Every structure is written in structure tokens, then in C-alpha cells.
Amino acid sequence: SGGSGGGSGGAGAHRLAFVQGVAGDAFYITMDCAAQSAAKAAGATLTTQGGQKFDPTMQTPVLQSVVSSRPEAILIAPTDVSAMQKPIEQATQQGIKVVLVDTTLRDPSVAASAIASDNEGGGKAAFDAIKQLAPNGGKVLVVSVQPGVSTTDARAKGFQDAVKADPRYTDLGVQYSMNEPQKAAQIVTAALQKDPDIVGVFATNLFSAEGSATGVRQAGKQDQVKIVGFDAGPDQVKALRDGTVQALVAQQPGKIGEEGIKQALAALNNQPVTAKIQTGFTIVTRDNVDKPEGQSALYKSSC
Amino acid sequence: MKLLEARGLVREYGHVRALAGADFDVDAGEVVALIGDNGAGKSTVVKLLSGSESPDGGEIFFEGNRVRFGSPTDARELGIETVFQDLALAPHLDPVRNMYLGREIMRPGLLGRLGFMDNAAMRDGSRKAFDDLGATVLDLAGPIGSMSGGQRQGVAVARAAAWASKVIFLDEPTAALGVVQTRNVLDLIRRVRDNGIGVVFISHSMPHVLEVSDRVHVMRRGSRVASYRAADTTMEELVGAMTGALDGSNGAEK
Amino acid sequence: MKLLEARGLVREYGHVRALAGADFDVDAGEVVALIGDNGAGKSTVVKLLSGSESPDGGEIFFEGNRVRFGSPTDARELGIETVFQDLALAPHLDPVRNMYLGREIMRPGLLGRLGFMDNAAMRDGSRKAFDDLGATVLDLAGPIGSMSGGQRQGVAVARAAAWASKVIFLDEPTAALGVVQTRNVLDLIRRVRDNGIGVVFISHSMPHVLEVSDRVHVMRRGSRVASYRAADTTMEELVGAMTGALDGSNGAEK
Amino acid sequence: MKARWARLARLQALQIVLILLFIVIVFSVLAPQAFLSGFNMRGIVVNTSILAVLGVGMTFVIVTGGIDLSVGSVLVLSGVLAAKSMAAAGGQGWGVALLGAVVACLTGLACGLVNGVLVARAKVPPLIVTLGTLGAALGIAQIITGGLDLRDAPEVLVDTIGFGNLVGQVPNLSVIALLVVALGIVLLHHTRFGLYTFAIGSNPEAGRRVGVKVDRHLIKVYALAGLLAGFAGILNLSFFQSTTIAGQSNTNLNVIAGVVIGGTSLFGGVGSVFGTVVGLFIPSTLQNGFVILGVQPFWQQVVVGAVLIAAVYVDQARRAAAQRGTSTRTSLLTQLGLRKESS
Amino acid sequence: MKARWARLARLQALQIVLILLFIVIVFSVLAPQAFLSGFNMRGIVVNTSILAVLGVGMTFVIVTGGIDLSVGSVLVLSGVLAAKSMAAAGGQGWGVALLGAVVACLTGLACGLVNGVLVARAKVPPLIVTLGTLGAALGIAQIITGGLDLRDAPEVLVDTIGFGNLVGQVPNLSVIALLVVALGIVLLHHTRFGLYTFAIGSNPEAGRRVGVKVDRHLIKVYALAGLLAGFAGILNLSFFQSTTIAGQSNTNLNVIAGVVIGGTSLFGGVGSVFGTVVGLFIPSTLQNGFVILGVQPFWQQVVVGAVLIAAVYVDQARRAAAQRGTSTRTSLLTQLGLRKESS
Ligand SMILES: Nc1ncnc2c1ncn2[C@@H]1O[C@H](COP(=O)(O)OP(=O)(O)OP(=O)(O)O)[C@@H](O)[C@H]1O
Ligand SMILES: Nc1ncnc2c1ncn2[C@@H]1O[C@H](COP(=O)(O)OP(=O)(O)OP(=O)(O)O)[C@@H](O)[C@H]1O
Ligand SMILES: [Mg+2]
Ligand SMILES: [Mg+2]
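If you read the protein sequences in the order shown, they are chains H, A, X, V and Y.
Heads up, the first sequence is in our numbering, so the first residue is 1 and it goes up one at a time.
Heads up, the second sequence is in our numbering, so the first residue is 1001 and it goes up one at a time.
Heads up, the third sequence is in our numbering, so the first residue is 2001 and it goes up one at a time.
Heads up, the fourth sequence is in our numbering, so the first residue is 3001 and it goes up one at a time.
Heads up, the fifth sequence is in our numbering, so the first residue is 4001 and it goes up one at a time.
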């Protein structure tokens, strides 16, 4: 920690680290790209790590190892609001500045700044998309990843709350794909068997959307069932263009990453920081995907 | 009243009838030989009377009372010990552990009650038992699965002999043993018999059978077909009864 | 020039010295008995000379040429077949599959080349081989692991006898066999010898050894300590040599 | 003898078929229209098809007494390389589809060979080898793709293999899987290759001593499992139009469970391909049925778990009764120091 | 003899310790300050502690020739019930913490008993039983919580057990785990209970015939594994302040891998608790070192997989050489129709 004090004399040469929620996800890659270029512009170096799954039991050892390599500041997307609390506190006790990106902690005050998108709002936005696509109302289903993931749970909750507020729509509840497309396909196939008149499926992440689309296609109900996915990675966009998914709720990972670096550097340079920053959403459909407004919302697969 | 008696034992494996109503009996202080061709059902009799498998039919009497063996433990509690033809050893364990498996000597006092064993006592006991047999077990700490055939059989025999108090079954106990060890086992059989224990000796060696046993039961195709006093019979007669050359089991004593 | 000869074989297992420079030889058309106390190293000699394990020292010659067996297949290709003491059977397979394992009869033509076997031919071949031995294998389709000890041994002997063309090792082949089957195996040994095959016969039964063999090698503690012409020796002499009572191996022929 | 042998095998497999039938009947009674519809049946069959292809290879591996945890990753890597090469070749026709299939199969084969060599020659326990290749294959797939799924499945693949029907409601995907299963049954139960597989699982040392080239055969068995995983990779790509990189983490366990439910012993020497297929259908039928019945998702896991144990229990009990090994189910093969037959 | 026995056990375990040491040395050279720092060492040890507690129970189960896939779920369910009961009791003191620990242990014990009874009495293969209870326990945990992690760990638990130090950089969590490991070593290698565990894994029928109550002992072994999983549940809750419902899906495989790396055979009869602990440290040290070295996440999987196989290969080769079983590593125990010694 002494080293970081010495290094903070100049604006440049800061050593930063970014711990993703999960490695190899377009959302975090986009965030990483933006963060990398922001860091470069400020003359800082940024190393990136991430667990294999969005899982605190995997992220904790990664964070601990990153802390051991002694960066001056860490950008992290905590995978659990309370499980990551102490490990992150341990990092700050080592004199490392922390910025929370995308997700947050039970007590975010340990961090210099917290930048996040509002997932419940995202769920609500997804319902808005369904209302556009199936304006006559009907039954809607949520296919989520697995219980207990704060982001997807919040999306599902935001969606369900919005459905309940609108009497024309019936909420069929949440089914969990366990992040397996096969399982999502099975679920949607069976659900269509039970309720042949489903009009919309909100799939809270990529695999759920993919499997749901497969299930709908198996049932030959592509025209009847509208699928709204979350995030706008290349996969989701291709699905959108192919027509297997009819709308996407895009977050703003680039903005989060850029802000994250900005806040971290400000903290290191003893400049004022913003404690809490909320970012918004864009709904991407086939109509706007090729327009600038849609294009700028899409995620990247590499920098 | 016989010490251990069985009547009409039946045991089927799928469509194979291993025992088709076999009778058997042994008295205290006698050596009964059980002979018969391969597959005649000798080992099956042993498995049923040692509680290691259950009969599909027939009755078993111990000291005149009808008994049912739910497990080998039931038979062992009556003082019945067995050397199985397949030896029933735990190959990864050493000879000492095998010798005392299920009969461990525990440390005295609290340590013993906590499950700690008296390894020194068990080692000494085993050493003595093996030496008595002349068994050539060299390495008391190696896994028994790596020992020679005769060494393994020696351990199995020593184990059964150590614990038998009423009946001991010896299913081909000398098959893999050397000349000296075989002699020692035959002596052991006589010694055990003289202590009033009933000995059941299974062997394909007619000279050994005639040398050591008091009575001989002959089995063929899952039944006892004849029974002789050893003193009154000859090798030829026994072989005849086993193979069925001498049919009608005319030589049977009862 | 001997058919198969070994000089100074050494084999160690951890700290146990199973063979400490053992010599061995067998000629075409003779029966050599290999005897010794339990743990003397007989089976280890068999394992080394059948290619199933590699020696730590010593040399092996086949028809005068130095050979090294990397695997049992190398030995089999020279016409050496073995009945191992542990039988080396696959317990889940039936007797026919075990009899022909590694030597399957394939269907003629394309089907055979695709890997289809001629099950009928193998069944008939096994039936005949078992009958020749008088082996009491009843159920040709049951797993061999469920058969009686003697039935299993019968299959192992029949298998080795069927394929041997130069040398056959029989490691206690009659240990579990009935009286009749034992006689048949002894006859088989003579028959095989008369066909010019070298037979190595391991047994703890001195009468059988003296009856069937031409020469007797005696092993003690991992070495060959004596070698006799069977015609010129007696049981007492053999037992003496095995146990070391008769030390100095004075009776050795060479 | 052949008839008997076959009859026995059939008898064993039959037990578990009865249980599957029982499950089907229960759901049919509880939700006749929904469950028994051709559409639903087709759905169950299609969703089990890819697992069945993997199950064939896994059965061979487990019969030798081994295990293969890497199938899911190998499937992913094969799909990734196939997608990459098809994208490089371009086009939507059969030519490029064939290229993809060949690349996928070769990739799988290569991974299987690596597994086999490490198991057979380096003598590393199969669990460790395939755990290692599980990580390595997935890692390579992620490095190649940056972790993002590829979707370059030519249309013919998706339309014909993925979603086409041979006739009526008979999906091509399942017909292909059925062919693989049929070949697997013949190979395991009727050829020398299968015989050696059983022999190695029963007693590798005995096999070695009678001249079976145990090492080489093990390599072949793992290579076969890899090849089938590669083939499953192209099927998976056709069906999901995606390489499903992160979506196969439970595939290995699901397939292994199917194999064991089907009566194959993890200790080797005993097993059947047909049993495996039935074993794979049991969990997927349960899953489907409970969704149709509207069982809550959390409860589904509980119920599937309980029914799974119950099904295998009934199967074991019936099988034991059929053998009349009354005292111990395993007595049959434990006689000479052998291990527990089952599990 | 005792000295020899112990020496042999030590010799076996030593091999793998050397490999761990080698890995540590390599990282120390490559990144001396970061890797060798007290903070980092403490991190590695802490992150392996909970797995070690599970590994002790798993070693017993695997030595009997069984397997337990349910440990992760049982850990979660125990944590959930503990959190629920602590929340109901209220407060942040030792009393409520003790209540939680008792509830967690009892929950684990109950799950273990269910596993044991189904394996030992109903004779269902352990893989299926524990796959079933894996789903069932997780499902029940989710039903109770609605799928949302509970966070009701009293402060004393978190501050003392989860993150407290005994002295300096010696974490309480690891001290507790070390105690469990020490007890496990004594129990497995020095008591009759352990002897029976080995005997059952070596030849269950032999055990039965000499009067070992095999069924009852198996139940005890699975119960022990369950109890330890329950205890790990309360440790996990203290450490993560969360029931990590969704986070334990790979725990079972990680623990099993540690056990096998440590030299325990999946076929039973052979194994050591000490080896398991070392076996668990190898992957976690590799993971840690590669993060410190800044290896890309995807590459880490590839490298960890490769190094894992290499480590176990070297271990096997050294062990074989130590036994001087030159021709076949497994010859030693395959003599009488026994199975492959190592998995
Ligand atoms: N577990 C089993 N499963 C199927 N068949 C069996 C089983 N045990 C024994 N048998 C059959 O029962 C018959 C009698 O076997 P048993 O072992 O009692 O014979 P035995 O008289 O001891 O023969 P041996 O002298 O060869 O030892 C044999 O035909 C055998 O194949
Ligand atoms: N795989 C092994 N590991 C360790 N020791 C072994 C192994 N195989 C044999 N031995 C030891 O080597 C010695 C010789 O064994 P071998 O089996 O050759 O004896 P044998 O002469 O065949 O005896 P028997 O008449 O009892 O069959 C014995 O002391 C035995 O314990
Ligand atoms: Mg018998
Ligand atoms: Mg021998």
C-alpha cells in the first residue's frame, strides 16, 4: 500500500485492475474495452481478470489473488451483495481503492464509487417491449438463469411487477434454465404444451433466450410467441436479426467502464468522486438495430 | 442331537440348482470330510451354514435348535468359523489387519473405547499364529493382495483357527499350501478336533481325507449321496461314490 | 540348446526379493516340475517367463536366442501359454468368451473383418475342450465369476492347453480340481509332452510331481537350489531340498 | 448360447424400460392431452437425442471402468471449430455443412485420443485426465471465440438436421441419434471390439495376459467417446444454432447419470447401450412431465431427485429378484474378491 | 510394523507434497513479492479451508468405493436452515451462532443418513443416490428461501470464524479446518472405524463374512460426510455471509478431484486424508498463481488442466518407481482378479 502512495504523485502510471463478474461475456468485454481505452488515455495500465461463472465462491479467490498482485485501484463487479463485502473490505484495508461496476454491495460505502444499471428498470423495459410486440395482451413467461443471481432476479422481478400492474397480461411465473439452452428449450416446449396461447417470453440472459427460441421454433410458434432478451451482445443481435428474438434490452456497459476508470483515477488523485451513478437502457428491435441509436447500444465481442 | 445339522438344503442361482435338498451333519469333536466333484455344491453348503448366504429351502439346526442365519455374524456368534474357498480377504490390508478384521484387539481403557487398536498385540498374535502353521508370511505390513497364493491361504486358515469355538469349516484349506504347511494344517485339524470342536474339511485329496477325517460325506449334483466312516472305506469307494460309478450310494452308513 | 532357458533371474517387489538370481530351463517334449515352499518364487518365475512382468535382472533365452518379453503377447507369439495361479479370467464374461479371449474365431468374409465373431464355432470348441478335461462347466452363458473354484480352473487349463505350441506353464493347475479332473489334467500333461511341447508343472502334490514329470527343479528363497531326474529321486529327498533340511543341494544333477 | 446371452441382456434392460413406461403412464393419466401429444413426445425425444449420442460413447468408457468428464467441453470445442471453418468456407449448402461435420468429428477424435493416451499410456486416472481436458477444451474454445458463441451454422444444417422431419413428426435429429445408438449396440454387444471393452472392465490384467492390447483398446474407446462428442457438437450446433459455450457444464454429469441409471456399473465390466438410452429418457421425461403438470420449479428438482432414486431402486430390486440372488444382490460377482457389481 | 505402515503412508503422501512444493517454488520465483506475501498465502489457505472440511468426509466415502455428489447442496441447505433459525432466534452473539452451528450440523447429518441408508440398505448406486439428494437438497433450500440467498450470519460468526485471525495472519477458519483434518487423519488411519472403511472399500464381501457390519458402517461413513458438509455450511455462511445457493454447483467435482489428486482410488480401498488436503491445494494454488502472473482467464483453464494432469502423472510415476513395480504400476493388486488399483 506504501507503493501506491508514492505512485500517486503523478497523474500517470497508475496500476489498475478490473475483476469482471464473469469472464468472456460481451457485456463485460464491452465494459473492459471502454475501461481499457479510458485507462490508456489517462496513462494508466489496466489488467483484467474474471471467474468462470458469475459466482462469489469463484470470484473471492480471484479477487484475493488480484489483491496480492497489489494494484492501486480495483474495478469490480461483485457477484453477491453480501458475500463480496468482506473480501472487498480486505482490499480497501490494503490501501487499494475500489470502484463497484454494474453490481453493488450491501454496504457500498467501502467503495469510492458505485456505478450500476438498474436491473429492475430493465425488467420493466422488457415488459414495455412485449407490450409493443403483442399489444393485445395474453400470457407471458419468464425464463431466468437460476435463482439467487441478483441481477437476473431483479430483472425478473421488475418484469413481473410490471405485468401484474397491467390486467391484460397474465404472469405465468419464472422458470429456470440453469443456464442450459437444452433445459430452456425443454421448459418452453413443455410450457407451450400447457399453455398453448403464450404470447411473450422474457428471457433474462443469453442462454435462456437461445433455448427459448429453440423451444418456440420446435413448437412452430415463431409468429405467435414474442421473445424479449436481455443484453445486446453479438449473439443476441444475430438472434434479433434472424427473428428468433424480437427485442433486446441493452444496458450501457461502455459507459459503466469509462465512468469506472474516471472515478478510480479521481480517487487515486484525491479528486472528488461521485458515490453513486446509475446508467440507463436502450430497447433494440429490428427496426432500430441498424440506426445509430441502436448501433451505439450494441455490445462488442472484442476491442 | 448333532452339533450342527442341516436337512434338505436347497439353493438356486438363477436357473442353476446348486443344492437340491442336501443333508449335512457334524458332531462336536469329530472331523467330517465333505467331498464331491467340482460344482457338486460343497462350497454352497459352507456358504449356507456359515450364514454368508441364505437357503431357498431346508432347515438348519444348531445344538438341536432350529436356527436362521441372517448374516455371517449370526453364525460367528454361535462359534462357527469358516475358511472360504475364495479366502474372503481384504486385499489392500496387511496380514495382521486381515487376521484380526472384525475381532480387533482394542487398547485398554478410554483409548480403546475411542476406537484405537492395540497394534502391537495384534502383530504379536498374528506372528505366533502364522508361525504355528509354518506359514511363510514374510512381510507383515504389505497388502495381502500382493502375497503368494499359499501365503494368503495361510492367513485365512490361521484366522479361522484362532476364533473357532464350536465348528470350523475349512473349504479346501490346503489347496495352495506347501508340503510342510499342509502337514501343519492336518495336524491343526486333529488338534482342534481334540479340543471338542466340530471340523468340516473339504478337499479333493483323498489321502488327506482318509488320513484326517472320522466320517466322510459324499456330495453329487447338489445332494449328499453317501456317508461313510473313514476307517471303513477306501479311496476307490469314495471316488466311485463321487463320480456316480458306484450308484445307489449303497455304501452309505445311514 | 534348451527350448526355454533363464539365467540369474532377479525380481524385487519393494523390499521383498521374490527372485534372487534364479535359473530355469525346459526342453521340448519334457515335463519339468517346479516345486518349492510357499513364497519360494515359483509363480514369479512363471510371470517373468510368460512376459506378464519384467525381470529386474537376468537373461531369458528361447531356442538359444536372447529374448525380452515386453508383454504377454510377445511370449504368446513364440508359442508360450500359461495357466496362472490366479487364473487371469475375466469374471463378468462367460466361459466361452474367456476360453477364446484374445483368440476369437471371427465370422468368415466381410462380417469377420467388421469384427463379428463366430459364436457357434466358439461354443462348440469350448464344449469340446471342457469335455476333454471332464470339466463340469454346466452353464456356458453365465459369468465365470459365479462358477465354482474347480469349474473356473478347468476353463483356465482348457484355454492354455488349446493354444500352446512350444511351452506351457501350469501354475498349480489342479489345486481346485476334483479327483477325476486332476487325473485328466495329468493325462493332458503327458499328451502335450508327447506332442513335443515343453511342459512346466508347478504343484505342491509330490505324488503328482513324481508321477508325471521328467525333471524336477526345486526352488528355495528365490533361487533354484536343486534339480533332479524324477526317476532318480524320492519324495523325502524333494521335501528335504524344499525345506532346506537337506542343505547344500547335494542331490543336484548339474 | 447366443439366444440366452441376448435374452439376459434384454431381461436386464427390460427392467428399466418398465420403469420408464410406468412414468410415461402416470403422466399420461395425469395430463393425457398435453403429455401424450405427438408434439410433446417429439419434444422429449429431440431433447434427449444429443445426450444419447454422447451416452453411447460414455457407456463404452464406463464399461471399461473409466469415466469421461470432458464430453461437454469437447462438444463445445468441436462446435466452435466447425463453426469457424464453416464461416471461413462460407455458404449455406451441403458442402460447407459436410466440412463442418468433418471438422467437428476430427476435433472430437483428437480430444478423445489425448484422453485415451493419457489414461492408457501415462496411467493417469481417467477422472483427472478428463477433468483436465474438460478445462483445457473449454478454455481453448473460449480463447478462439473470446467466450462469445458462434452462430455460423449453414441453413441446410439447421433446417434439415436441426429441425427437419424425416416423415410426419419423426425428427431427423433423432433418426441420426437412433442410428448412432444402433451402431453402438451392435459394436458393444456383438463385436470383438465390444467384447474387449467388457473384458478390460472386468479384469484388465487378465485381458493383458491373454494378449488383448489393453492400452491400445483403451485409447480406441476414449477416441470413440471423443469422436461421438465431436459429432454431437455438430448436431448441437444445428439444433441450437449456437456453440452454447457456457451451456454444457452439466452435460457430463447428466450423461453419466443416464448411463448409471441404465444399469452400467461404474466399476466396469457390466453395461448396455440400450439401458443408457432408457436411462437418459427417465430424467428428461420427468422434467417434461413435471413442467406440464405445473409443478413449481424448485419442487421439480426435489421430485426429480426422489423419483430418480426410487426408479433405480425398483430397477435394482427387480433385477436382483430376477437373478434370485436372494441374500445379497451382489453375491454373484463378489465371490472371488471382486468388487461390488453395481455402482 | 506400525512404524513401517506409517512410513509407507507418509511416503505415498510425500510424492504429491513434493509436487505442490514444486508449484509453490515456481510461482515464488516468478512473482516473489506478490505470491509469497503473507496476505496471499493466507488467501490460498482460507480459500481451501472449506473444501478441506468437505474433503475429509469425501475421502472416507471414496475409500469405501462410493461417491458423494451431494456435498455442495447439503452445504447450501445446512447454511439455509442455520441462517433461518438464527434469524428466528435473533441477535448477533455466540448463543445464536452456536444454535446455527448445531442446526447446520444436524441438517448435514440428516442428509448424510438419508444417503447412507439408500446406499447401504436400498443398494442404490451411490452416484444415483447422491445425484438425487443433490437435486433434492438444493430444491428444498430454494423452496425455503424462494431462491434468494439469506444473509443472516451473526456478526460474531463473520468477524471471528469467517475473517478473524488466531494470531497474526493465522485465520481462525483455517485453524478450524485444520482441526477437522487432524481428526479425520486420526479417525481414518488410526482407529477401527478407519480400518473398517478401508476393509469395505477393499472387499465388502470379505468384511461382511468376518462380521464387519458393512451396511451400518457405510451409513456411518455417509453420515460423517453429511455432518462435515453441514459443518462446512456454517463455515461457508460465516465466510461469505451468504448461503451461496447458486454458487456450489462445482463444489462436488472440485472436492472429488482433490481427493483423487491426493492419491485416493475411486475403486476404494486406498487413500489418505492428508493426500486429499494436498490434492485440494494444488488446483487452488495454480489458480492463484496464474491470476497473480496475469494469465488471461481463458488460458488459465487450459494451463490448470494441463498442469493438473502433469502433476498427477508425475505423482503416479514416482509412486510406481518407489514400489519398483516396473512392468505395471498396478500389478501389485490386480493379481487375484482385483481391479485397477488407481481409479
Ligand atoms: N453365485 C453363484 N451364481 C451362480 N451359480 C453359482 C454361484 N455359486 C455357485 N454356483 C453354481 O453352483 C454349483 C455348485 O457350486 P459350488 O461352488 O458349491 O461347488 P463346489 O462343490 O464347491 O465345487 P468345487 O470343488 O469346484 O469348489 C456350480 O455349478 C456353480 O457354478
Ligand atoms: N506383486 C507383488 N508385490 C509384492 N510382493 C510380491 C508380489 N508378488 C509376489 N510377491 C512376493 O514374492 C514372493 C514370491 O512369491 P511367489 O508368488 O512367486 O511364490 P510361490 O512360490 O508361487 O508361492 P505359492 O506356492 O504360495 O504360490 C512372496 O514372498 C510374495 O509375497
Ligand atoms: Mg468349492
Ligand atoms: Mg505361486
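No residue lacks a Cβ here, since even glycine has one placed at the ideal position from N, Cα and C.
Just so it is clear, the structure is predicted and the values come from calculations on it, not from any experiment.
- Contact note: residue 4211/Y reaches chain A through 1072, 1073, 1076 and 1102, using a C-beta cutoff of 7 Å and chain order.
- Classified as exposed, residue 1065/A has fewer than 16 neighbouring CB atoms from the shown chains inside 10 Å of its CB.
- Put simply, the backbone Cα of residue 3245/V is about 18 Å away from that of residue 58/H.
- No heavy atom of ligand 2 is found nearer than 7 Å to the CB of residue 2149/X.
- When the alpha-carbon of residue 284/H is set against those of 293/H, 278/H and 276/H, the nearest one is in 293/H.
- Interface flag for residue 3190/V against chain X is set, since a Cβ pair is found closer than 8 Å.
- For residue 3071/V and residue 20/H, the gap between their C-alpha atoms comes out near 27 Å.
- In the structure shown, residue 135/H falls within a coil segment according to DSSP collapsed to helix, strand and coil.
- DSSP places residue 2020/X in the uninterrupted beta strand (DSSP E) bounded by 2016-2026.
- Cβ proximity to chain Y below 7 Å picks out 69, 70, 80, 82, 83, 85 and 86 from the region 69-89 of chain H.
- At least one heavy atom of ligand 3 is found less than 7 Å from the C-beta of residue 1171/A.
- Taken in chain order, the members of the region 4198-4231 of chain Y whose beta-carbon sits within less than 8 Å of a beta-carbon on chain A are 4198, 4199, 4201, 4202, 4203, 4205, 4206, 4207, 4208, 4209, 4210, 4211, 4212 and 4213.
- Looking at 1015/A, 1037/A and 1008/A, the one whose alpha-carbon comes closest to that of residue 1048/A is 1008/A.
- Unbroken beta strand (DSSP E) runs of no fewer than 3 residues, entirely contained in the region 2072-2104 of chain X, are found at 2080-2083, following chain order.
- By the C-beta criterion, the region 3215-3226 of chain V is judged to be in contact with the region 3060-3074 of chain V, since at least 3 inter-stretch pairs fall below 8 Å.
- Contact annotation: the region 3130-3149 of chain V touches the region 3077-3088 of chain V, with at least three C-beta pairs closer than 8 Å.
- Apart from the 5 residues on each side of it in sequence, residue 4041/Y sits with its Cβ closer than 8 Å to the Cβ of 4169 in its chain, given in chain order.
- In the pairwise beta carbon analysis, the region 139-146 of chain H is classified as not touching the region 115-122 of chain H: fewer than three pairs are separated by under 8 Å.
- Secondary structure in the region 3266-3323 of chain V: the alpha helix (DSSP H) runs of 4 residues or longer, each lying completely within the stretch, are 3273-3293 and 3297-3323 in chain order.
- For residue 2181/X, the shortest C-beta to heavy atom distance toward ligand 3 is 7 Å or greater.
- Pairwise C-beta distances place the region 4043-4055 of chain Y in contact with the region 4266-4284 of chain Y, as three or more of them are shorter than 8 Å.
- Contact between residue 2185/X and residue 2164/X is absent: CB atoms are separated by about 13 Å, not below the 8 Å threshold.
- In the three-state scheme derived from DSSP, where H, G and I count as helix and E and B as strand, residue 4050/Y is classed as helix.
- The alpha-carbon of residue 1206/A is positioned some 13 Å away from that of residue 2176/X.
- Within chain A, 1179 and 1180 have C-beta atoms less than 8 Å from the C-beta of residue 2239/X, given in sequence order.
- Comparing alpha-carbon positions, the option among 2104/X, 2157/X and 2209/X lying closest to residue 2087/X turns out to be 2157/X.
- If only complete runs of 4 or more residues are kept, the region 3052-3100 of chain V shows the alpha helix (DSSP H) at 3071-3089, in order along the chain.
- Rounded to whole angstroms, the gap between the alpha carbons of residue 3018/V and residue 2060/X is 59 Å.
- For residue 146/H, the shortest separation between its Cβ and any heavy atom of ligand 4 does not lie below 7 Å.
- In this structure, residue 1011/A lies near residue 1019/A, with their beta-carbon atoms less than 8 Å apart.
- Taking a beta-carbon distance threshold of 8 Å, residue 2090/X counts as an interface residue toward chain V.
- Within the region 4059-4085 of chain Y, contact with chain H at the beta-carbon level (separation under 7 Å) is assigned to no residue.
- Within 7 Å of the CB of residue 4045/Y, no CB atom of chain H is found; the nearest one sits about 11 Å away.
- Exposed is the label assigned to residue 303/H, since fewer than 16 other Cβ atoms lie within 10 Å of its Cβ.
- Within chain X, the residues 2092 have their CB atoms less than 7 Å from the CB of residue 3269/V, given in chain order.
- Annotation: residue 4226/Y to residue 4115/Y spans about 8 Å, alpha carbon to alpha carbon.
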